[in-house]
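Undergrad: The structure follows.
Chains as they are written, first to last, in my numbering: chain A, 1 to 640; chain B, 1001 to 1430.
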């Protein structure tokens, strides 16, 4: 049989993991391997150094960004961190100090004896209180309030002044009326809420009336009234003023009938409107009354002298209308006032914007030679020349305003770009026009073409008539940048003729201008113009310098001949100036890569002669700014 | 309307009305360059009072008007700059005052001397009846040759045989950092990453340390020994080293294999260097009796200051408002210079300021034009320096020619072209 080994008895049937690990350990021990020698002292140190160096240079490397940024910075202001100077309180400084020398001790002894504050609170309690009396916050608040009040005041003042300056009679009349109404309404309210106060007010009115009666101020006895009376015969205004005065007089003289509020409180509101003006006075003066009647007006008109002008009548009519309106609600009056305001604002705006003004001016200037004021609105249609040249200027102005508005609206509604492009085309044509008109023949042709164009419904053909009216659109910029499209223009009429003209017409035209070759003429002309426009080489050679002088001398051949005259394959440039080379840079300086860069850097001027103040400051800003008396600390992580 | 009249431009800027802009501006630039030279009077005053050569200086961190100086006879003086007066004199050490630095708060300052001591002094003068005594005195084992204070903490570093980092409260160093054995001439804390230190030793190397790990980081060996170094106060990883070989080297501490710039103009050993607080320029003091101002990104100086009586300049400082330069020299004087030679001191009217800015820009714009360049770059030099420059130019040219010839006559590639920057670096040790 099999031999039993003792060790097998010890073995479990399944190998256990714990023992397995022990086994492994045993086997590992069996593999005999020499332990590595410890590093020599020198080498160990070296390893440590290398590791330390790597980490340290990594630590230091985090400054790279900052360093590069500072090197590239346009401007650096030092110290980088602005320190706020702190003032140590006097008490602290004084408390640390002690009297040492005999003199100091003597002085301090004296101070002690007289009980002067020496060390701790150098301020007496009253002084500290006065220091704390008004905080900065409070002072600021108060100042802000005052500022606001002042601003409001000035605003209201300005508003009042503005309103006072309005010259419109109508406006003032309406304003006055509205005021009167308001007063009435207020009185009504007062009557409702506080009958006693209302009564007092009435009394006041009565007092006023009595005073007037006593003074006879508003009768026609005063100096002013007498002078008016003389003028009144001829002057409508004076007459009206007098009438107004009389009305005032009458109003003040009127006895106010007081109804006791205790008796009929319900009726009061109904009666109130007629309160200050009793019905008995209705015949006297229509201006006085809250509710004028037409019969009352009639006699008034008859009263006036017969030489009334039409305009006066118109005004009167307006007034009548005005008074009819009064029957309507207050809101309408307000609306009217608002309307006034709006009109005024519109006028101000027009006056305020210089561009529009300028446009108006140019328009006026351009229209004058034509002697026919044309409305841009009807530019598309036929030319409308108004015969009435002596129209009132006011009316004309009104028309202009309206028209300009309309023009704008057209622009906004239609496609702006298309309009702009159209204008450009027209401008270019305009530019060409004077040159084209030179030969009389072309002018005639143009006229023919225009006739044809008017017949054809083509859009392009439509433009020329419209062009005249849009003269004001030409800007200086456009004129300067206008391309020379003139080559096409003289040929254009020919093309157009071929397009649509009848054969007989063409024949007629060719017969009429058989003699001249317009195109060639033009080309020659153009070449000439081009030559002229080029800068001419300046000959600085003068006769008489370095040789005999006198009249009728020609500069010698020595001066005029070029050095490379007899050297056909050589160009001797005389551009190089020996005197200038002393000031010139001979080789390209370091940071520049091409000479153009360098020239560019020289060409841009820095001075305030060529730059605006701001640009000048920017261009001449120093790279590094330091402040005298400020300690510049090394950069630190806290600064960033 | 007032607002309209105030903003109204009384000019027509149409270019057609103002022709010849370039020639006119050129003339203005020429005039500006001339005026700049006319008004270039940089020397302000000399502070005399030391009885031996000025060996070191320190700025007050909080006060612009105070500066401290230590002399070769162990005397420390505190100066009031506006008054140009010495306000306090201390006999601090026996022998040289090797180094001094002010505490970051400005209440006290430290000095090290040849008598192997580190002393802390109060910034304020002693009260009536008090003795002039240091707050603390630390007796060391070896001579300390330099000291610098941490920018934020109560920690300072000294150098000598090794770099020691001290806590202010203790009499023994927190840690000593060594890498080889040699006398270290200068140690400087980084003003931005304040745990970093740089030192230079007489075995021609510059070593960087990290205070947090208390270990050196890297060492770069140059052709000749570096006298001092200075960290850029605006760029954390940039420092400039003043070398014995007449040059200054600006390094990026992350790439020590070659310096960012070699600044060459001096004709003798450069003894000290200090950055402008703006970090855009630095000033160097040299054994050739002159100081020069270099832009950080330029290889040559923009300004050279010298006077007849100024001897070897040992120490130099740029004031904290970046307006003035102080230099201390062998012949016992401290001189105060304007950092910008032609700058007008005092308050400027706005128009004046605008004109100055405009002139400055004009000069910049036309700086490449020969006439203007000639005027703007003109500087007077004493004959000795002038001759030395000429001599050195010849030497450099000869060396260059020799190298060229050698390259020409040897196997291609066997004499490689070494750039000027790499030429002066011997090795970088990790």
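For each residue, glycine too, the CB sits at the ideal point set by N, CA and C.
For the region 1136-1153 of chain B and the region 1181-1199 of chain B, state whether three or more C-beta atom pairs, one from each stretch, are separated by less than 8 Å.
TA: yes
Undergrad: Could I get the ranges of all uninterrupted beta strand (DSSP E) runs contained in the region 1184-1258 of chain B, with 3 residues as the minimum, in chain order?
TA: 1184-1189, 1196-1201, 1205-1210, 1215-1222, 1226-1231, 1238-1243, 1247-1252
Undergrad: My parser needs the alpha helix (DSSP H) runs of 4 or more residues fully inside the region 1344-1395 of chain B; what are they?
TA: 1350-1365, 1370-1377
Undergrad: Of all the CB atoms in chain A, is at least one closer than 8 Å to the CB of residue 1192 of chain B?
TA: Along the second chain, read from residue 1 onward, the residue named residue 1192 of chain B stands at position 192. Chain A contact via Cβ: present.
Undergrad: Could you name the residues of the same chain whose beta carbon sits closer than 6 Å to that of residue 1428 of chain B, not counting the 5 residues immediately before and after it, in chain order?
TA: Counted from its first residue, the second chain places residue 1428 of chain B at position 428. Same-chain partners within the cutoff: 1220, 1256, 1257.
Undergrad: Counting Cβ pairs closer than 8 Å, one from the region 1024-1036 of chain B and one from the region 107-118 of chain A, do we hit at least three?
TA: In this structure the region 1024-1036 of chain B does not touch the region 107-118 of chain A; the number of beta carbon pairs closer than 8 Å is below three.
Undergrad: Return the bridge partner residues of residue 1167 of chain B from the DSSP annotation.
TA: Sequence index remark: in the second chain, residue 1167 of chain B carries index 167 (1-based). Per DSSP, B/1155.
Undergrad: Does the region 1205-1224 of chain B come close enough to the region 1171-1179 of chain B that 3 or more CB-CB pairs lie under 8 Å?
TA: yes
Undergrad: Using a cut-off of 7 Å between C-beta atoms, extract the partners of residue 1280 of chain B located in chain A.
TA: In the second chain, counting from the first residue as 1, residue 1280 of chain B sits at position 280. The contacting residues are 624.
Undergrad: Indicate whether at least one CB of chain A lies closer than 8 Å to the CB of residue 1045 of chain B.
TA: Translated into the one-based positions of the second chain, residue 1045 of chain B becomes position 45. No, its Cβ sits nowhere closer than 8 Å to a Cβ of chain A.
Undergrad: Who are the near neighbours of residue 1143 of chain B in its chain, counting only those whose CB is closer than 7 Å to its CB and skipping five residues on each side?
TA: As a first step, residue 1143 of chain B is located in the second chain; it is residue number 143 there, counting from the start. Excluding positions up to five away in sequence, the list reads 1114, 1116, 1160.
Undergrad: Using 8 Å for Cβ pairs, my map puts residue 1099 of chain B next to residue 1056 of chain B. What's the rounded Cβ distance?
TA: Position 99 of the second chain holds residue 1099 of chain B. Position 56 of the second chain holds residue 1056 of chain B. Yes, residue 1099 of chain B and residue 1056 of chain B are in contact; Cβ-Cβ is about 5 Å, under 8 Å.
Undergrad: Checking contacts by CB at 8 Å: is residue 86 of chain A closer than that to chain B?
TA: For the purposes of this step, residue 86 of chain A is identified with residue 86 of the first chain, where counting begins at 1. Judged by the 8 Å Cβ criterion, residue 86 of chain A is not in contact with chain B.
Undergrad: Excluding the 5 residues preceding and the 5 following residue 66 of chain A in the sequence, name in chain order all residues of the same chain whose CB lies nearer than 8 Å to its CB.
TA: Counted from its first residue, the first chain places residue 66 of chain A at position 66. Excluding residues within five positions, the ones whose Cβ falls inside 8 Å are 635, 640.
Undergrad: Is the Cβ of residue 154 of chain A closer than 8 Å to any Cβ of chain B?
TA: Taking the first residue of the first chain as 1, we reach residue 154 of chain A at position 154. No, its Cβ sits nowhere closer than 8 Å to a Cβ of chain B.
Undergrad: So if I threshold CB-CB distances at 7 Å, which residues from the region 22-56 of chain A count as touching chain B?
TA: Contacts with chain B (Cβ-Cβ distance below 7 Å) from the region 22-56 of chain A involve 46, 48, 49, 50, 52, 53, 56, listed in chain order.
Undergrad: Does the region 1064-1076 of chain B come close enough to the region 1040-1054 of chain B to have 3 or more Cβ pairs within less than 8 Å?
TA: yes
Undergrad: Residue 1370 of chain B touches chain A at which residues, Cβ-Cβ below 8 Å?
TA: Along the second chain, one-based indexing puts residue 1370 of chain B at 370. Here the neighbours are 582, 583, 584, 585, 586.
Undergrad: Strictly under 8 Å for the Cβ-Cβ distance: is residue 1217 of chain B near chain A by that measure?
TA: What you label residue 1217 of chain B is simply residue 217 of the second chain in a count that begins at 1. Output row for residue 1217 of chain B: interface = yes.
Undergrad: Would residue 1124 of chain B count as contacting chain A if we go by Cβ distances under 8 Å?
TA: Start at 1 with the first residue of the second chain, and residue 1124 of chain B comes out as number 124. No - not a single Cβ of chain A is within 8 Å of the one on residue 1124 of chain B.
Undergrad: List the residues of chain A whose Cβ lies closer than 8 Å to the Cβ of residue 1254 of chain B, in chain order.
TA: Counting from 1 along the second chain, the entry for residue 1254 of chain B is found at position 254. Those are 57, 60, 61, listed as they occur along chain A.
Undergrad: Could you tell me which chain A residues have their CB closer than 8 Å to the CB of residue 1365 of chain B, listed as they occur along the chain?
TA: As a working mapping, residue 1365 of chain B is identified with position 365 in the second chain. Correct list: 601, 602, 606.
Undergrad: Can you tell me whether residue 1200 of chain B is buried or exposed, with buried defined as 16 or more other CB within 10 angstroms of its CB?
TA: Translated into the one-based positions of the second chain, residue 1200 of chain B becomes position 200. It counts as buried.
Undergrad: Can you give me the start and stop residues for the alpha helix (DSSP H) that residue 560 of chain A sits inside?
TA: As a working mapping, residue 560 of chain A is identified with position 560 in the first chain. Element bounds for residue 560 of chain A: 557-560.
Undergrad: Strictly under 8 Å for the Cβ-Cβ distance: is residue 1013 of chain B near chain A by that measure?
TA: Within the second chain, residue 1013 of chain B is the residue found at index 13, counting from 1. Yes, residue 1013 of chain B lies at the interface with chain A (some Cβ there is under 8 Å from its Cβ).
Undergrad: If the criterion is Cβ atoms closer than 8 Å, does the pair residue 1294 of chain B and residue 1301 of chain B meet it?
TA: Against the second chain, residue 1294 of chain B aligns to sequence position 294. Against the second chain, residue 1301 of chain B aligns to sequence position 301. Cβ distance < 8 Å, so residue 1294 of chain B and residue 1301 of chain B count as in contact.
Undergrad: For residue 1122 of chain B, which residues of its own chain have a beta-carbon under 8 Å away from its beta-carbon, when the five flanking residues on both sides are left out?
TA: Translated into the one-based positions of the second chain, residue 1122 of chain B becomes position 122. Taken in chain order, the residues that qualify are 1107, 1108, 1135.
Undergrad: Which residues of chain A have a Cβ atom closer than 7 Å to the Cβ of residue 1320 of chain B, listed in chain order?
TA: Residue 1320 of chain B sits at position 320 when you count from the first residue of the second chain. At a beta-carbon threshold of 7 Å, the residues of chain A lying near residue 1320 of chain B are 631, 632, ordered along the chain.
Undergrad: Considering just the uninterrupted stretch of the beta strand (DSSP E) at residue 109 of chain A, what are its terminal residues?
TA: Residue 109 of chain A sits at position 109 when you count from the first residue of the first chain. No beta strand (DSSP E) holds residue 109 of chain A; the alpha helix (DSSP H) holding it covers 102-113.
Undergrad: Span of the beta strand (DSSP E) holding residue 1264 of chain B?
TA: As a first step, residue 1264 of chain B is located in the second chain; it is residue number 264 there, counting from the start. DSSP places residue 1264 of chain B inside the beta strand (DSSP E), whose first and last residues are 1261-1264.
Undergrad: What do you reckon, are the CB atoms on residue 1339 of chain B and residue 1325 of chain B nearer than 8 Å?
TA: Residue numbering aside, residue 1339 of chain B sits at position 339 when the second chain is read from its first letter. Residue numbering aside, residue 1325 of chain B sits at position 325 when the second chain is read from its first letter. Yes, the Cβ-Cβ distance between residue 1339 of chain B and residue 1325 of chain B is below 8 Å.
Undergrad: Among B/1421, B/1035, B/1387, B/1043, which one has its Cα closest to the Cα of residue 1250 of chain B?
TA: Stepping through the second chain from its first residue, residue 1250 of chain B is reached at position 250. Checked all of B/1421, B/1035, B/1387, B/1043; the closest Cα to residue 1250 of chain B is B/1421.
Undergrad: Is residue 205 of chain A close to chain B? Criterion is C-beta to C-beta, closer than 8 Å.
TA: Walking along the first chain from the start, residue 205 of chain A turns up at place 205. No, no contact with chain B.
Undergrad: Is the Cβ of residue 67 of chain A closer than 8 Å to any Cβ of chain B?
TA: If you number the first chain from 1, residue 67 of chain A lands on position 67. For residue 67 of chain A, the answer is yes, since a Cβ of chain B falls inside 8 Å of its Cβ.
Undergrad: Just to confirm, is the Cβ distance from residue 1059 of chain B to residue 1102 of chain B under 8 Å?
TA: Residue mapping note: residue 1059 of chain B aligns to position 59 of the second chain, counting from 1. Residue mapping note: residue 1102 of chain B aligns to position 102 of the second chain, counting from 1. For residue 1059 of chain B and residue 1102 of chain B, yes; Cβs fall inside 8 Å.
Undergrad: Can you list, in chain order, the residues of its chain whose CB lies under 7 Å from that of residue 1179 of chain B, leaving out five sequence neighbours each side?
TA: In the second chain, residue 1179 of chain B corresponds to position 179, counting from 1. These residues qualify, in order along the chain: 1207, 1216, 1219.
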